[in-house]
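S.K.:
There are 2 protein chains.
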Amino acid sequence: MSDLDRVLAAVDADLDASLERLFALLRIPSISTDSAYAAECRRAGQWLADDLAGLGFEAKLNDTPGHPIVTGRSDTGAARRVMFYGHYDVQPVDPLDLWNSPPFEPRIATSAEGVKQIVARGSADDKGQVMTFVEACRAFVKVTGKLPVDVTVMVEGEEESGSANIAPFIAAHTDALKADLALVCDTGMWDPETPAIILSLRGLMHDEIVVRCADRDLHSGYYGGAAANPLHVLSKIIAEVHGPDGRIAIPGFYDGVIEPPDYMKASWADLDLTPENFLGPIGLSGPIGEKDRSLVEMISSRPTFEVNGMWGGYIGEGSKTVIPAIATAKISCRLVANQDPVQVRDAVRAFVRSRLPADCSVEFLGGEGSAAVAVAHDNPDLARAAQALAAEWGKPPVTIGEGGSIPVVGQFKKLLGQDTLLVGFSLDDDRIHSPNEKYDLASFHKGIRSWVRILAALAG
Amino acid sequence: MSDLDRVLAAVDADLDASLERLFALLRIPSISTDSAYAAECRRAGQWLADDLAGLGFEAKLNDTPGHPIVTGRSDTGAARRVMFYGHYDVQPVDPLDLWNSPPFEPRIATSAEGVKQIVARGSADDKGQVMTFVEACRAFVKVTGKLPVDVTVMVEGEEESGSANIAPFIAAHTDALKADLALVCDTGMWDPETPAIILSLRGLMHDEIVVRCADRDLHSGYYGGAAANPLHVLSKIIAEVHGPDGRIAIPGFYDGVIEPPDYMKASWADLDLTPENFLGPIGLSGPIGEKDRSLVEMISSRPTFEVNGMWGGYIGEGSKTVIPAIATAKISCRLVANQDPVQVRDAVRAFVRSRLPADCSVEFLGGEGSAAVAVAHDNPDLARAAQALAAEWGKPPVTIGEGGSIPVVGQFKKLLGQDTLLVGFSLDDDRIHSPNEKYDLASFHKGIRSWVRILAALAG
Chain A
1 MSDLDRVLAA
11 VDADLDASLE
21 RLFALLRIPS
31 ISTDSAYAAE
41 CRRAGQWLAD
51 DLAGLGFEAK
61 LNDTPGHPIV
71 TGRSDTGAAR
81 RVMFYGHYDV
91 QPVDPLDLWN
101 SPPFEPRIAT
111 SAEGVKQIVA
121 RGSADDKGQV
131 MTFVEACRAF
141 VKVTGKLPVD
151 VTVMVEGEEE
161 SGSANIAPFI
171 AAHTDALKAD
181 LALVCDTGMW
191 DPETPAIILS
201 LRGLMHDEIV
211 VRCADRDLHS
221 GYYGGAAANP
231 LHVLSKIIAE
241 VHGPDGRIAI
251 PGFYDGVIEP
261 PDYMKASWAD
271 LDLTPENFLG
281 PIGLSGPIGE
291 KDRSLVEMIS
301 SRPTFEVNGM
311 WGGYIGEGSK
321 TVIPAIATAK
331 ISCRLVANQD
341 PVQVRDAVRA
351 FVRSRLPADC
361 SVEFLGGEGS
371 AAVAVAHDNP
381 DLARAAQALA
391 AEWGKPPVTI
401 GEGGSIPVVG
411 QFKKLLGQDT
421 LLVGFSLDDD
431 RIHSPNEKYD
441 LASFHKGIRS
451 WVRILAALAG
Chain B
1 MSDLDRVLAA
11 VDADLDASLE
21 RLFALLRIPS
31 ISTDSAYAAE
41 CRRAGQWLAD
51 DLAGLGFEAK
61 LNDTPGHPIV
71 TGRSDTGAAR
81 RVMFYGHYDV
91 QPVDPLDLWN
101 SPPFEPRIAT
111 SAEGVKQIVA
121 RGSADDKGQV
131 MTFVEACRAF
141 VKVTGKLPVD
151 VTVMVEGEEE
161 SGSANIAPFI
171 AAHTDALKAD
181 LALVCDTGMW
191 DPETPAIILS
201 LRGLMHDEIV
211 VRCADRDLHS
221 GYYGGAAANP
231 LHVLSKIIAE
241 VHGPDGRIAI
251 PGFYDGVIEP
261 PDYMKASWAD
271 LDLTPENFLG
281 PIGLSGPIGE
291 KDRSLVEMIS
301 SRPTFEVNGM
311 WGGYIGEGSK
321 TVIPAIATAK
331 ISCRLVANQD
341 PVQVRDAVRA
351 FVRSRLPADC
361 SVEFLGGEGS
371 AAVAVAHDNP
381 DLARAAQALA
391 AEWGKPPVTI
401 GEGGSIPVVG
411 QFKKLLGQDT
421 LLVGFSLDDD
431 RIHSPNEKYD
441 LASFHKGIRS
451 WVRILAALAG
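These protein sequence lines map, in sequence, to chains A and B.
At position 214 of the first sequence the residue is numbered 214 (the UniProt record's numbering), and the sequence of numbers has no breaks.
At position 66 of the second sequence the residue is numbered 66 (the UniProt record's numbering), and the sequence of numbers has no breaks.
(1) Since Ala164 (chain B) meets chain A, which of its residues come closer than 7 Å, beta carbon to beta carbon?
(2) Would you mind telling me which residues of chain A sit closer than 8 Å to Thr33 (chain B), beta carbon to beta carbon, in chain order?
(3) Report the neighbours of Pro435 (chain A) on chain B: residues whose CB is nearer than 8 Å to its CB, in chain order.
(4) Can you say whether Ser101 (chain B) is buried or exposed, counting buried as having 16 or more other CB atoms within 10 angstroms of its CB?
(5) Looking at Gly203 (chain A) and Gln339 (chain A), is the spacing between their C-beta atoms short of 9 Å?
(6) What does Ala329 (chain B) pair with, by DSSP beta-bridge criteria?
(7) Any idea which residues DSSP pairs Asp150 (chain B) with across the strands?
(8) Just how far apart, CA to CA, sit Lys413 (chain B) and Lys116 (chain B)?
(9) At a cut of 8 Å, does the segment 136 to 155 of chain A reach the segment 82 to 90 of chain A through at least three beta carbon pairs?
(10) Would DSSP call Pro220 (chain A) helix, strand or coil?
(11) Please report the straight-line C-alpha distance between Pro380 (chain B) and Cys360 (chain B), rounded to a whole angstrom.
(12) What whole-angstrom Cβ distance do Leu200 (chain B) and Ala372 (chain B) have, given they're in contact under 8 Å?
(13) Give a yes or no on contact between the segment 15 to 29 of chain B and the segment 124 to 132 of chain B, applying the rule of three or more CB pairs nearer than 8 Å.
(14) Can you list, in chain order, the residues of its chain with a C-beta nearer than 6 Å to that of Gly72 (chain B)? Leave out the 5 residues immediately preceding and following it.
(15) May I ask you to verify whether the segment 267 to 278 of chain B touches the segment 383 to 402 of chain B, counting CB pairs closer than 8 Å and requiring at least 3?
(16) Bridge partners for Lys414 (chain B) per DSSP, in chain order?
(17) When you compare the CB of Leu98 (chain A) with every CB in chain B, is at least one pair closer than 9 Å?
(18) For Val253 (chain A), decide whether its Cβ has a neighbour in chain B, counting only Cβ atoms nearer than 9 Å.
(19) Is it the case that the Cβ atoms of Asp34 (chain B) and Gly318 (chain A) are separated by a distance below 9 Å?
(20) By the three-class DSSP mapping on this structure, what secondary structure does Gln339 (chain B) have?
(21) I want to verify the contact list: residues of chain B whose CB lies under 8 Å from the CB of His67 (chain A), in sequence order.
(22) Skipping 5 residues on each side, what residues in its chain have a beta carbon closer than 8 Å to that of Ala442 (chain A)?
(23) Are the beta-carbon atoms belonging to Pro195 (chain A) and Leu389 (chain A) less than 9 Å from one another?
(24) As a quick exercise: from A:Leu279, A:Thr321, A:Pro303, pick the residue whose alpha carbon is nearest that of Ser220 (chain A).
(25) From which residue to which residue does the beta strand (DSSP E) around Asn165 (chain A) run?
(26) With which residues is Lys438 (chain A) paired in a DSSP beta bridge?
(27) Cα-Cα, which of A:Leu427, A:Leu4, A:Phe425 is closest to Cys137 (chain A)?
(28) Quick check: the Cα distance between Thr110 (chain B) and Asp180 (chain B), rounded to an integer number of angstroms?
(29) For Ser354 (chain B) and chain A, any beta-carbon pair shorter than 9 Å?
(30) I'd like to know whether the C-beta of Gln129 (chain A) is nearer than 9 Å to at least one C-beta of chain B.
(31) Tell me the DSSP secondary structure of Ile250 (chain A) in three-state form.
(32) Using the beta-carbon count (16 or more within 10 Å), is Met1 (chain A) buried or exposed?
(33) Gly410 (chain B) CB to nearest chain A CB: under 9 Å?
(34) Grab me the residues of Val141 (chain A)'s own chain with a C-beta within less than 8 Å of its C-beta, minus the 5 sequence neighbours each way, in chain order.
(35) From Gly162 (chain B) to Ala350 (chain B), what does the alpha carbon distance come to, in whole angstroms?
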């Protein structure tokens with residue numbers, strides 16, 4: 001029996017204990033965007049640092065102006081070093097009443113199709129995925145006494161709230177963090193049978209638009225018909241963002257956007273991605289994007305504008321005949337290669353200002369965001385990882401662009417000069433960011449086994 | 001000294017005590033639209049019933065399926081009987097942080113211009129106005145031992161939440177409530193020096209529009225660009241309600257709308273109502289209504305469509321890259337003569353449905369509403385009241401249509417066969433339904449004196 005087979009067997013034998021450890025981490029409500037949970041975020045970070053220390057890592061919790069960053073470093077003199085990145089923070093859980101069980105009381109549920117699932121906030125995004133890597137390391141240490149490559153671990157607590165402190169931290173610790181390759185486990189499978197390696201990530205620009213009309217809330221009986229209503233004004237602006245062709249009508253929005261490279265377009269041809277199988281499971285039928293683009297292009301390689309939240313006026317029980325003074329929208333844009341997030345932010349703001357009635361005003365409360373990144377597709381480690389995944393899953397991974405954003409990947413390239421291998425095991429139906437988030441037990445188990453194989457392959 | 005002069009002198013002498021009584025009523029947070037305040041609503045009603053009983057009225061609190069209705073009846077054998085209607089409930093107080101002092105701790109403030117003001121929720125709408133009438137009755141009883149006309153008082157507790165129970169109550173008590181004339185004190189002055197009698201009231205139709213797209217909240221990184229966003233869908237529908245000419249583009253919306261009568265148009269010519277003096281004080285400059293209509297027409301004699309509240313997605317601290325599953329808008333329409341509220345509701349709903357993407361759905365949660373009413377302008381009591389107001393204020397009242405809605409006035413005509421005299425003393429800057437609602441001390445004092453004169457005049 002090879003070392004690799006013995007490590008894989010140890011993963012299988014240790015699965016129940018691995019689950020117990022994951023559940024302990026999932027029980028900590030580390031919601032980073034809400035300051036009420038700051039102590040819980042620290043507790044989650046400390047839990048991870050303690051776990052890494054138990055595996056022989058030199059581990060610690062690094063304070064930042066926000067939530068702390070966990071680092072761990074193994075030094076066994078291996079020929080190569082990889083840096084693993086993940087995040088221990090999770091999304092808010094509202095609307096809480098749509099959860100079938102408390103979000104921070106993890107449990108194993110069995111779906112109607114008989115699939116065993118880990119249900120909890122953070123099960124897929126990203127605690128469950130982080131632990132696939134940690135458990136892979138644990139199995140190597142247990143069976144062979146050491147890791148096949150040296151490993152630096154960096155797990156942050158602000159990925160779901162803008163990652164404001166990770167870039168300064170990397171910049172301040174470039175020597176300690178430098179490695180041959182970065183590994184990230186925060187993405188998905190192509191489908192439950194097919195692994196995926198992500199070759200590009202969209203960027204992200206957040207903003208909050210606050211429109212003010214009258215200087216107070218008004219009685220709609222006295223002023224209705226004459227006074228501007230900021231909910232009407234904001235609705236009209238949002239309605240005009242997308243043209244009838246599905247394109248975003250903001251002047252300058254598409255500046256810098258490049259067409260996807262040929263090797264990526266070629267890979268799309270093999271994908272069975274249809275509106276039915278992509279949108280059907282969430283209760284939709286037709287894609288609403290640009291009419292001349294394919295579905296896979298819309299969700300991976302084209303920029304977007306979304307209203308993530310909007311509110312104004314009376315939103316309580318019953319009715320109130322008010323013309324509100326203020327209307328607010330939280331918006332975000334997914335960005336693709338060569339779009340400048342600052343320029344996009346300025347274009348959005350100019351668009352809003354240009355449509356504002358003369359006696360209304362607007363304030364913008366958002367931040368700057370991150371640019372899209374592409375991973376070099378000819379990096380030889382990609383081929384090694386692809387072979388490892390093929391061995392575990394019985395079929396080669398799909399290599400695609402991914403619609404989500406992991407801003408830190410751009411920092412790895414810029415500050416550390418290293419490419420990133422993006423491999424993850426979540427599924428489209430994992431309800432990430434939604435009530436009843438889950439992670440298939442198979443994603444967790446075979447995810448650990450996948451990292452065992454990848455780490456062995458990267459050792460060369 | 002005449003009886004009238006002695007009663008007016010008693011009003012002046014008793015002003016401080018009158019204020020104390022009003023403050024006691026204002027301290028009761030009788031918010032009818034929020035069921036958490038049901039006991040406070042009852043307490044306000046009971047306070048009024050007790051006060052009326054102290055004036056010799058046969059007074060009681062009448063239970064309804066909602067908040068109770070106060071009735072009081074004087075029987076002194078006078079030649080004529082009037083029925084006074086008002087409401088003891090108040091609007092919600094949010095946003096609470098915009099109040100300069102607690103909304104249910106009434107106080108006298110002095111404005112920058114030196115005007116003394118009663119500041120509290122309900123000071124103008126409608127507790128302060130109700131008490132102008134009650135204090136006028138008190139002064140008569142105190143000085144002359146009786147009222148110049150017999151009086152029936154009916155004060156409800158659900159005017160700010162749809163008045164669901166007042167029409168059934170009237171229908172069940174037509175004999176007890178029938179009078180020669182109804183009096184309502186829930187409207188405004190033309191300006192601080194000029195009284196007003198209201199000849200028409202707009203109707204009101206409420207609805208709540210709930211748009212659903214995907215069957216769960218979605219991650220904007222996975223689905224952004226392809227999945228429908230209900231905030232975009234709802235914004236687009238709302239944006240299309242008003243055409244570029246300011247007209248409401250809902251087919252059938254204007255069905256039945258009649259042009260204002262000539263005597264009303266003639267009265268507008270004398271009014272100095274400009275965008276500067278109407279909208280300037282609330283921080284706006286230009287009216288947003290139909291481009292071919294005058295400002296006074298927009299706010300008194302044309303129907304409206306307003307979004308009173310709207311929400312969807314993540315509205316907490318920080319950001320969340322979610323495509324929400326649901327977006328909601330509370331809307332209301334002010335209606336004018338001959339519009340049918342049920343037909344308008346159906347037209348609004350058909351408009352929304354016609355603009356909904358095929359894979360999205362809509363639900364409507366609102367009620368039916370009330371039609372507009374007009375008061376007979378040749379009723380001889382109008383002339384009597386006008387003379388009484390002219391004597392108090394030194395100038396004749398303006399007779400106009402009013403943009404607000406008091407649905408019960410239509411019931412008085414329909415169920416009791418009586419016209420309504422609408423006289424009130426609130427001002428445009430009273431911040432009705434808004435934070436820091438106030439009622440000028442002069443409105444209260446001269447309001448009491450006005451009712452003394454009107455009651456004397458109506459006795460004939």
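Beta carbons: idealized from backbone N, C-alpha and C, even for Gly.
M.R.: On the basis of the data shown:
(1) In chain order: nothing, as chain A lies at least about 11 Å away.
(2) Residues of chain A with a Cβ closer than 8 Å to the Cβ of Thr33 (chain B) are, in chain order, Gly316, Glu317, Gly318, Ser319, Lys320.
(3) Result: Arg216, Asp217.
(4) Classification for Ser101 (chain B): exposed.
(5) Between Gln339 (chain A) and Gly203 (chain A), the CB-CB gap stays under 9 Å.
(6) DSSP lists B:Ile209, B:Met310 as the bridge partner or partners of Ala329 (chain B).
(7) DSSP, once it has assigned bridges, lists B:Arg81 as partnering Asp150 (chain B).
(8) Approximately 38 Å, taken between the alpha carbons.
(9) Short answer: they touch.
(10) The identity of residue 220 (chain A) in the sequence shown is Ser, whereas the question assumes Pro. The answer is helix: DSSP assigns Ser220 (chain A) an H, G or I state.
(11) Using only the alpha carbons, I get a separation of about 56 Å.
(12) Correcting the residue identity first, residue 200 (chain B) is Ser in this sequence and not Leu. Distance from Ser200 (chain B) to Ala372 (chain B) at the Cβ level is roughly 7 Å; contact confirmed, criterion being Cβ atoms closer than 8 Å.
(13) At 8 Å Cβ cutoff, the stretches touch.
(14) Closer than 6 Å at Cβ, skipping near neighbours: Leu52, Phe57, Ala59, Val153.
(15) Yes, the segment 267 to 278 of chain B is in contact with the segment 383 to 402 of chain B.
(16) DSSP lists no beta-bridge partner residue for Lys414 (chain B).
(17) Yes, contact with chain B.
(18) The residue asked about is misnamed: residue 253 (chain A) is Phe in this sequence, not Val. With respect to chain B, the C-beta atom of Phe253 (chain A) has no partner C-beta closer than 9 Å.
(19) Yes, the pair counts as a contact, with Cβ atoms nearer than the cut-off.
(20) Three-state DSSP puts Gln339 (chain B) in coil, outside helix and strand.
(21) For His67 (chain A), no chain B residue has a Cβ inside 8 Å of its Cβ, as the nearest lies near 12 Å away.
(22) The beta carbon of Ala442 (chain A) sits closer than 8 Å to those of Val115, Lys116, Pro192, all from its chain and outside the five residues before and after it, given in chain order.
(23) Yes. Within cutoff.
(24) Closest option to Ser220 (chain A), Cα to Cα, is A:Thr321.
(25) That residue, Asn165 (chain A), is in no beta strand (DSSP E); it is neither H nor E in DSSP.
(26) Looking at the DSSP assignment, Lys438 (chain A) forms a beta bridge with A:Val119.
(27) Answer by Cα proximity: A:Leu4.
(28) For the pair Thr110 (chain B) and Asp180 (chain B), the Cα-to-Cα distance works out to about 40 Å.
(29) Using a CB distance cut-off of 9 Å, Ser354 (chain B) does not count as an interface residue toward chain A.
(30) The Cβ of Gln129 (chain A) sits no closer than 9 Å to any Cβ of chain B.
(31) In this structure, Ile250 (chain A) counts as coil in the three-state DSSP scheme.
(32) Of the residues assessed, Met1 (chain A) falls on the exposed side of the cut-off, its CB having fewer than 16 other CB atoms within 10 angstroms.
(33) At a cut-off of 9 Å between C-beta atoms, Gly410 (chain B) does not count as an interface residue with respect to chain A.
(34) Excluding residues within five positions, the ones whose Cβ falls inside 8 Å are Leu55, Gly56, Leu147.
(35) The C-alpha of Gly162 (chain B) lies about 23 Å from the C-alpha of Ala350 (chain B).
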